Each structure stands twice: as structure tokens, then as C-alpha cells.
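Here the sequence shown is numbered in my numbering, starting from 1 and rising by one per residue.
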Amino acid sequence: ERQKYIRNFSIVAHIDHGKSTIADRILELTDTVAKRDMENQILDNMEIERERGITIKLNAVELQYQAQDGHNYTFHLIDTPGHVDFSYEVSRSLAACEGALLVVDAAQGVEAQTMANAYLAVDNDLEIIPVLNKVDLPSADPDLVKSEIEDMVGIDAEDAVLTSAKKGTGIPELLERIVQDVPAPTGDLQAPLKALIFDSVYDSYRGVVLSIRVLDGQVKVGDQIELMNNGKKFEVTEVGVMSPKAVPRKSLMVGDVGYLTASIKNVQDTRVGDTITSAENSTAEALPGYRKITPMVYSGMYPVDNAKYSDLRESLEKLQLNDAALEFVPETSQALGFGFRVGFLGLLHMDVIQERLEREFDLDLIMTAPSVNYEVVLTTGESEIIDNPSALPEPSAIREIKEPMVHAEIMVPKNYVGAVMELAQRKRGQFQTMDYLDDYHVKIIYNLPLAEIIYDFFDSLKSSTHGFASLDYHLLDYEVSQMVKMDILLNGEAVDALSFIVHQDFAYQRGRAIVQKLKTIIPRQQFEVAIQAAIGTKIVARSTVKAYRKDVTGPLYGGDQTRKNKLLDKQKKGKKRMKDVGRVSVPQAAFMAVLQVG
Ligand code: GTP
Numbered sequence: 001e002r003q004k005y006i007r008n009f010s011i012v013a014h015i016d017h018g019k020s021t022i023a024d025r026i027l028e029l030t031d032t033v034a035k036r037d038m039e040n041q042i043l044d045n046m047e048i049e050r051e052r053g054i055t056i057k058l059n060a061v062e063l064q065y066q067a068q069d070g071h072n073y074t075f076h077l078i079d080t081p082g083h084v085d086f087s088y089e090v091s092r093s094l095a096a097c098e099g100a101l102l103v104v105d106a107a108q109g110v111e112a113q114t115m116a117n118a119y120l121a122v123d124n125d126l127e128i129i130p131v132l133n134k135v136d137l138p139s140a141d142p143d144l145v146k147s148e149i150e151d152m153v154g155i156d157a158e159d160a161v162l163t164s165a166k167k168g169t170g171i172p173e174l175l176e177r178i179v180q181d182v183p184a185p186t187g188d189l190q191a192p193l194k195a196l197i198f199d200s201v202y203d204s205y206r207g208v209v210l211s212i213r214v215l216d217g218q219v220k221v222g223d224q225i226e227l228m229n230n231g232k233k234f235e236v237t238e239v240g241v242m243s244p245k246a247v248p249r250k251s252l253m254v255g256d257v258g259y260l261t262a263s264i265k266n267v268q269d270t271r272v273g274d275t276i277t278s279a280e281n282s283t284a285e286a287l288p289g290y291r292k293i294t295p296m297v298y299s300g301m302y303p304v305d306n307a308k309y310s311d312l313r314e315s316l317e318k319l320q321l322n323d324a325a326l327e328f329v330p331e332t333s334q335a336l337g338f339g340f341r342v343g344f345l346g347l348l349h350m351d352v353i354q355e356r357l358e359r360e361f362d363l364d365l366i367m368t369a370p371s372v373n374y375e376v377v378l379t380t381g382e383s384e385i386i387d388n389p390s391a392l393p394e395p396s397a398i399r400e401i402k403e404p405m406v407h408a409e410i411m412v413p414k415n416y417v418g419a420v421m422e423l424a425q426r427k428r429g430q431f432q433t434m435d436y437l438d439d440y441h442v443k444i445i446y447n448l449p450l451a452e453i454i455y456d457f458f459d460s461l462k463s464s465t466h467g468f469a470s471l472d473y474h475l476l477d478y479e480v481s482q483m484v485k486m487d488i489l490l491n492g493e494a495v496d497a498l499s500f501i502v503h504q505d506f507a508y509q510r511g512r513a514i515v516q517k518l519k520t521i522i523p524r525q526q527f528e529v530a531i532q533a534a535i536g537t538k539i540v541a542r543s544t545v546k547a548y549r550k551d552v553t554g555p556l557y558g559g560d561q562t563r564k565n566k567l568l569d570k571q572k573k574g575k576k577r578m579k580d581v582g583r584v585s586v587p588q589a590a591f592m593a594v595l596q597v598g
């Protein structure tokens, strides 16, 4: 019976169209959060999310809504991230819902992730409620955007809800629409327990905390459960819902979205997408689970202090718990010692992981420049995948190198078509098609090397179109390409962690630029440092960092001791992110220099 009054829905949108603000208003209007406790973007509880104003992790909350039909409804709202790097989080949360609010900025209109996320919702058979947000803006044009949604996304937008999350208008209507349009969860209370794990986090007191959606049956404290992926059994120690803080409950039943703990101490035991069932009375079939996500870029990650290697491994394991896209394997570098090769979905993902490791786990890290996977076909006919430039075999052993290509869909107003094509061409793009989506929007499709798009492509695209272009891409296959390995030598010694792979046509230019850049990054030392870029045994560029002469504090500040101490302190902090490579101290920035000379 209770099931009839449950509504599970997600909010999806292109980045910045206002998902989190709409979620805030819904929480406010349903008194889930007292006014005095209300902060902006309350569901973005990670420090990094607040600072950057973006949603990274999905969040699920339960709230109560008294509808106009007189009934009390339980809503489970799942907020999701909008950035392309995190779209796998979106599909995870959608699998736990029956409906989705598709939020579109009424001034910006439909953008690439609007379409991508709408398709994810359609794939998951969700009921979609279109919402036009930011109608308070003078430039808002709801009618135009409605027709865009119909033409471009292909869903009926006639009855779209108009909201201004900023002013709070339209939110009451939206709540009623959720009651009317989102179907109640199906599933059988009498059937054996079947629940989907759609997220999990590690808590040092309670062990792994699982976010679950119950699809059949119920689960309560003391029940014996089984994780269907590996057959491991646990006793449930707590169940509850987030509202938005954790509120323990006696049980979770069919249709509910909540959390569960069961003294699961080993983070390896659970996987998102896994099915939970009852150990005594198990469900016949596990859920299909989540599609495996392949990382797009790989980077070396090394603790500045070698003794922290196992701390780094444990921290990565904990992050991996709720980040199915994070992959890592041990690797060693002559220059940097023991570390890991870590796979990411993109540079924002990489940035966020690095920052979380440093903040939440108190680690100091050196990261090497991100690289894509290359398929190397050897002269023996065998082929292997290389995710680390320094592992590339000798040129004489290589028949050909293949690089990963992506299918990129760029949406842009028609007057920017020229700018987009110029950029894509410069990044070795192969033009595919161009379509008018309506009188104003054009969709341009290029096949582009992944290596060219992971770096600054998105930023360049934004700046050359005044922010109007949006981009969505997915991996195609590998194509033969003229790639070479560039080595960087410091005082004659090749530094493995500085090697990178580059297209032959850009190699000389890139080599020269990187050597110039490193000259500005590597600080003066007690001796001269020669920097060279080489392809095989051929040196293509060279520069020198001169030896320093005096104590840095001496000539600058004379006798002022407090200032002197400040400066020394600053130097010490800077040192933390230095790594001694041979005799040369190399700062973190040097390993990323290749990103800055693209
Ligand atoms: P991500 O979480 O990063 O994917 O973004 P989001 O879609 O959650 O957007 P968010 O709610 O963070 O809003 C983005 C920006 O738009 C913020 O600066 C909001 O204050 C602003 N905004 C949201 N709703 C409205 C609205 O109705 N009117 C106006 N004028 N601004 C709004």
C-alpha cells in the first residue's frame, strides 16, 4: 500500500542549468531542511563541490510531500552531476528511479548534455518531465526552448514546467507534476529481497555504507544478506534514509531508496551495480549490473614521500568504492619510485581525485602528465596496449602505433561553425557530418584523436565560440597514426616520468616548447641543469637552468627576520611537492608542463 505513495526521481541537466538549485528549493518547500539550516546547493556536500560550484557525486535524499489529493507522498530525489566526465554517475542514479526531471536553462536552451542525459533517461525507461528553469532571466525564451526540446530531444514539451529556482516560482507545480507523472515503483513486497547498490562510501566506524534501491521484498537490521556478485554474506547492522542527514529506520521496503551498513570492512567486497539479496531466501536472478566504464586517460601517481605508498593504495581503494571509473595498477618509475598508474575519465576527474587524495587522505602527490592508451603493433606481429609513454618499445621493434579516436558531437549556433571547424582541423579532426537541428543550431560531428581532446580542446572550444558550443563524445576504436616518443633529459639522464608521446608533425615544435617551459619551472640549483628533448638518440631542443649564487633571502630582505622566516616557510611548503630526480630537484609542475604547451 505504501508503495503507491512513493516517487523516485532524478534531476538531470546540462551543467549549470540549475539542477542543484532546484533540489535546494524542493528540500525547502517540503520542509526537509529547516530554513535556518538551508545553505546553497545543500546536496553538494563535498568541499570540492562547494568550492567549484559543481556536482561531482550523486546524492539521494528522502522527503515527505503533502499533495493536493490529500495524501502524503514519500519522494526520493537523486541529484546528479552534469559534466561529461561524470556522466557515468548519471546513469547509475537513473537505474534507481522511475522518473527524471530534465532541467533546461530557458535562456541557454538545449545543450549537448541535455540530449545525452535525456537519452540515458529514455534508455532506462524513465518518465521524463521537462522543466524550463531560469525563466526570471530577461533573455529567457520558454517557447523557443520548448520547440528545441521537441525538435532536438524528441519529447513532448508542451506541458513543460516553468521554474525560477532562484526565486522559487514554479516549484509547487513541479511537485504536483512529480506526483501525477512519475509512476509509483513496481515490485513485490512478498518476494525475496532484491536491491541495487547504486553508490557506496567508506566510513571508518561503520565500514562500507551502501546506497541502495529496494526492488523487491524488504530488509531490516539483523537480516543476513548476500552480495550476489561474490556470494559473501553479512549481517545488517543499520538501515535508514538520508533526509538529508542519515536517519536510521527499522526496515527498507520495496520502492525505498536508502542506506545499509553490515560491518563490511573490506572495501573490495562491494561493487556499485551489484545486487543484494537475502542469504536465506535469495532472489532468482541478479540485476544486470552496470556497464564497465573504461578510463580515457592515464597518469602516474606517486607519493612525494615513498613511505606513503601503502597509504596511497588504501586511499585509492576507498575512493574506488564509489567511483567505478577509477582504475589503478602499481607501477614503478626510475625517477619517482613506487606509485600507481591511474585511469580517469578526463582531466576534471583526474583533478578531483588528486585533490580528494590530498585533502581527505592527507597525501602529497606527484602526478605525471596524462596520456591516452596506445596500441602498439610489434614487428613480431603481436600487439600490446601501452598506457605509459616510458613503456613504449624501441622504435626498431615497432611496426605501427595506433591511437584511440573519439566520435565528437559539437552543438553550436550557426555563426560559430567556422570557428569550430578551424579548431577541430587544427586538432587533427576528421570531418564527418554537419546537420541543422533547427534554424539556429548546428550539430557538427568530427572524429578526433582522444589525445587531442583530453587536454585543452573543451576550453578552446568554449573560448572560440564565446561559450556557446557544447560537446559530447564517446570512444570509437584505434587508428594507425604517426606517433613518436619524446624523451626529456636532465643533465644527460632521461627522466622516464617526463616522457610523452606526440604526433610526428608536432614533435619538434612541442619539444622546443617543453624545454623552454621546463626552464621556467625547474628552480635554480647549486649546479647548472641542462634540459634536453630527444626523439631516440636525436636531440631536438635544449636549454639550461643556471646555477644559483646566493641565499634567496639575503639580498631581498636584508635583516628583517620575520619576513625572512615567512619566505623560508614558503620555500619549505613548495619543497613538499618536489621530487629529487638524480641530483636535480624537480617540482610537480614540471611533470604537467606538457599540458601547458599543447
Ligand atoms: P552542476 O551541479 O555543476 O551540474 O550545475 P547545476 O545544474 O546543479 O547548476 P546550479 O544549481 O549549481 O546552478 C548554476 C547557476 O545558475 C548558479 O549560479 C545558480 O545560482 C544559477 N541559477 C539556478 N537557477 C536559477 C534561476 O532560476 N534563475 C537564475 N537567474 N539563476 C539560476
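Backbone N, C-alpha and C fix where the C-beta goes; we use that ideal spot for every residue, glycine too.
For clarity, every value in this text was computed on a predicted model and none was experimentally measured.
Do Phe-591 and Ala-497 have their beta-carbon atoms positioned less than 8 angstroms apart in this structure?
Counting from 1 along the sequence shown, the entry for residue 497 is found at position 497. Counting from 1 along the sequence shown, the entry for residue 591 is found at position 591. Going by C-beta atoms, Ala-497 is nearer than 8 angstroms to Phe-591.
Would the beta-carbon of Glu-346 be found less than 7 angstroms away from any heavy atom of the ligand GTP?
Working through the sequence shown from its first residue, we reach residue 346 at position 346. The amino acid occupying residue 346 in the given sequence is Gly; Glu does not appear at that position. The answer is no for Gly-346.
Quick one, which of Arg-2, Gly-231, Pro-523, Ile-535 has its alpha-carbon nearest Gly-187's?
In the sequence shown, residue 187 corresponds to position 187, counting from 1. Out of Arg-2, Gly-231, Pro-523, Ile-535, Arg-2 has the C-alpha closest to the C-alpha of Gly-187.
With burial defined as no fewer than 16 other Cβ atoms inside 10 Å of the residue's Cβ, what is the status of Pro-330: buried or exposed?
Position 330 of the sequence shown, counted from the start, is the residue given in the question as residue 330. With fewer than 16 Cβ atoms within 10 Å of its Cβ, Pro-330 is classed as exposed.
Between Leu-137 and the ligand GTP, is there a pair consisting of the residue's CB and a ligand heavy atom that are separated by less than 7 angstroms?
Looking up residue 137 in the sequence shown gives position 137. Checking the Cβ of Leu-137 against the ligand GTP gives yes.
Grab the span of the alpha helix (DSSP H) containing Val-135 for me, first residue to last.
On the sequence shown, residue 135 is found 135 positions in, with the first residue counted as 1. First-last for Val-135: undefined, no H or E at that position.
Quick one: Cα of Thr-237 to Cα of Ser-10, how far?
The count along the sequence shown starts at 1 and reaches residue 237 at position 237. The count along the sequence shown starts at 1 and reaches residue 10 at position 10. In a straight line, the C-alpha of Thr-237 is about 28 angstroms away from that of Ser-10.
Is Val-372 near Val-297, with beta carbons less than 8 angstroms apart?
Here residue 372 refers to the residue found at position 372 of the sequence shown. Here residue 297 refers to the residue found at position 297 of the sequence shown. The answer is yes: Cβ separation under 8 angstroms.
Report buried or exposed for Ser-204, applying the criterion of at least 16 other Cβ atoms within 10 angstroms of its Cβ.
In the sequence shown, the residue the question calls residue 204 occupies position 204. With fewer than 16 other Cβ atoms within 10 Å, it is exposed.
Under three-state DSSP, which class holds Ile-54?
On the sequence shown, position 54 is the one that residue 54 refers to. For Ile-54, the predicted model reports a pLDDT of 45, less than 50, meaning its position is unreliable; a value from the coordinates is still stated below. Of the three classes helix, strand and coil, the one that applies to Ile-54 here is coil, per DSSP.
I need the straight-line Cα distance from Phe-527 to Ser-310, nearest angstrom please.
Sequence index remark: in the sequence shown, residue 527 carries index 527 (1-based). Sequence index remark: in the sequence shown, residue 310 carries index 310 (1-based). Phe-527 and Ser-310 have their C-alpha atoms spaced approximately 34 angstroms apart.
N-terminal and C-terminal residue of the alpha helix (DSSP H) that Leu-321 is part of:
Your numbering for residue 321 matches position 321 in the sequence shown. 309-321 is the extent of the alpha helix (DSSP H) around Leu-321.
Measuring only the C-alpha atoms, how far is Ile-155 from Val-442?
Translated into the one-based positions of the sequence shown, residue 155 becomes position 155. Translated into the one-based positions of the sequence shown, residue 442 becomes position 442. Looking at the backbone, the Cα of Ile-155 and that of Val-442 are separated by about 19 angstroms.
Taking only the alpha-carbon atoms, compute the straight-line gap between Ala-400 and Lys-462 and give it to the nearest angstrom.
Taking the first residue of the sequence shown as position 1, residue 400 is located at position 400. Taking the first residue of the sequence shown as position 1, residue 462 is located at position 462. Per the sequence presented here, residue 400 reads as Glu, with Ala not at that position. If you take the alpha carbons of Glu-400 and Lys-462, they lie about 34 angstroms apart.
Considering only C-alpha positions, which residue in the set Met-253, Leu-162, Met-486, Pro-185 is nearest to Pro-389?
Looking up residue 389 in the sequence shown gives position 389. Of the listed residues, the one whose Cα sits closest to Pro-389 is Met-486.
Reducing DSSP to helix, strand and coil, say where Ala-451 ends up.
The residue labelled residue 451 in the question sits at position 451 within the sequence shown. If DSSP states are grouped into helix, strand and coil, Ala-451 belongs with the helices.
In three-state DSSP terms, what is Val-442?
The residue given as residue 442 occupies position 442 in the sequence shown. Residue state, collapsed to three classes: strand.
Identify, in the order they occur along the chain, each residue of the same chain with its Cβ nearer than 8 angstroms to the Cβ of Thr-332, setting aside the five sequence neighbours on each side.
Here residue 332 is taken as the residue at index 332 of the sequence shown, counted from 1. Counting only Cβ-Cβ distances below 8 angstroms, and skipping sequence neighbours, we find Phe-338, Gly-339.
Could you name the residues of the same chain whose beta carbon sits closer than 7 angstroms to that of Ile-42, not counting the 5 residues immediately before and after it, in chain order?
On the sequence shown, position 42 is the one that residue 42 refers to. Note that Ile-42 scores a pLDDT of 49, beneath 50, so its modelled location is shaky and nothing firm can be said.
State the CB to CB distance for the pair Lys-318 and Val-267, rounded to an integer number of angstroms; the pair is presumed to be in contact (CB under 8 angstroms).
Along the sequence shown, read from residue 1 onward, the residue named residue 318 stands at position 318. Along the sequence shown, read from residue 1 onward, the residue named residue 267 stands at position 267. Rounded, the Cβ-Cβ distance is 6 angstroms, consistent with contact.
Where does the unbroken alpha helix (DSSP H) through Met-350 begin, and where does it stop?
Position 350 of the sequence shown, counted from the first residue, corresponds to residue 350. It spans 347-360 - the alpha helix (DSSP H) in which Met-350 sits, taken as one unbroken run.
Check this for me: beta carbons of Ala-184 and Lys-414, under 8 angstroms apart or not?
Taking the sequence shown and counting its residues from 1, one reaches residue 184 at position 184. Taking the sequence shown and counting its residues from 1, one reaches residue 414 at position 414. In this structure, Lys-414 does not lie closer than 8 angstroms to Ala-184 by Cβ.
By DSSP, does Phe-198 sit in helix, in strand, or in coil?
Along the sequence shown, one-based indexing puts residue 198 at 198. Three-state DSSP puts Phe-198 in a strand.
Around the Cβ of His-71, are there at least 16 other Cβ atoms within 10 angstroms (buried) or fewer (exposed)?
Position 71 of the sequence shown, counted from the first residue, corresponds to residue 71. Exposed.
Please indicate yes or no: does the CB of Thr-21 lie closer than 7 angstroms to some heavy atom of the ligand GTP?
On the sequence shown, residue 21 is found 21 positions in, with the first residue counted as 1. Yes, Cβ of Thr-21 sits closer than 7 angstroms to a heavy atom of the ligand GTP.
Can you give me the start and stop residues for the beta strand (DSSP E) that Phe-9 sits inside?
Looking up residue 9 in the sequence shown gives position 9. DSSP places Phe-9 in the uninterrupted beta strand (DSSP E) bounded by 6-13.
Residues bridged to Lys-587 by DSSP?
Here residue 587 refers to the residue found at position 587 of the sequence shown. Looking at the sequence itself, residue 587 is Pro, so the reference to Lys does not match. Pro-587 is bridged to Met-578.
Opposing strand residues paired with Val-247 [DSSP bridges]
Here residue 247 refers to the residue found at position 247 when the sequence shown is read from its first residue. For Val-247, which the question treats as bridged, DSSP gives the partners Val-241.
For Gly-217 and Leu-144, I'd like the C-alpha separation in whole angstroms.
The residue you call residue 217 lines up with position 217 of the sequence shown. The residue you call residue 144 lines up with position 144 of the sequence shown. Those two C-alpha atoms are separated by around 46 angstroms.
Express the C-alpha separation of Glu-452 and Arg-524 in angstroms, rounding to a whole number.
Looking up residue 524 in the sequence shown gives position 524. Looking up residue 452 in the sequence shown gives position 452. Looking at the two C-alpha atoms, the distance is approximately 32 angstroms.
Contact check, Ile-197 vs Val-272 under 8 angstroms by CB: the rounded distance?
Looking up residue 197 in the sequence shown gives position 197. Looking up residue 272 in the sequence shown gives position 272. Between Val-272 and Ile-197 the Cβ distance is about 6 angstroms, and since that is below 8 angstroms, they are a contact.
Tell me whether Asp-323 counts as near the ligand GTP, meaning its Cβ is closer than 7 angstroms to at least one heavy atom of that ligand.
Position 323 of the sequence shown, counted from the start, is the residue given in the question as residue 323. It does not: the Cβ of Asp-323 is nowhere closer than 7 angstroms to a heavy atom of the ligand GTP.
Check Ser-464 in the structure and name its three-state DSSP category.
To locate residue 464, count along the sequence shown from 1; it is residue 464. If DSSP states are grouped into helix, strand and coil, Ser-464 belongs with the helices.
Could you say which of Arg-428, Leu-101, Leu-94, Val-417 lies nearest to Phe-457 if we only look at CA atoms?
Start at 1 with the first residue of the sequence shown, and residue 457 comes out as number 457. Residue Arg-428 holds the alpha-carbon nearest to the alpha-carbon of Phe-457 among Arg-428, Leu-101, Leu-94, Val-417.
For the alpha helix (DSSP H) holding Thr-537, just list the boundary residues, first then last.
Residue mapping note: residue 537 aligns to position 537 of the sequence shown, counting from 1. Element bounds for Thr-537: n/a, residue is neither H nor E.
Would you mind reading off the limits of the beta strand (DSSP E) that contains Arg-341?
Residue mapping note: residue 341 aligns to position 341 of the sequence shown, counting from 1. Start and end: 337-344.
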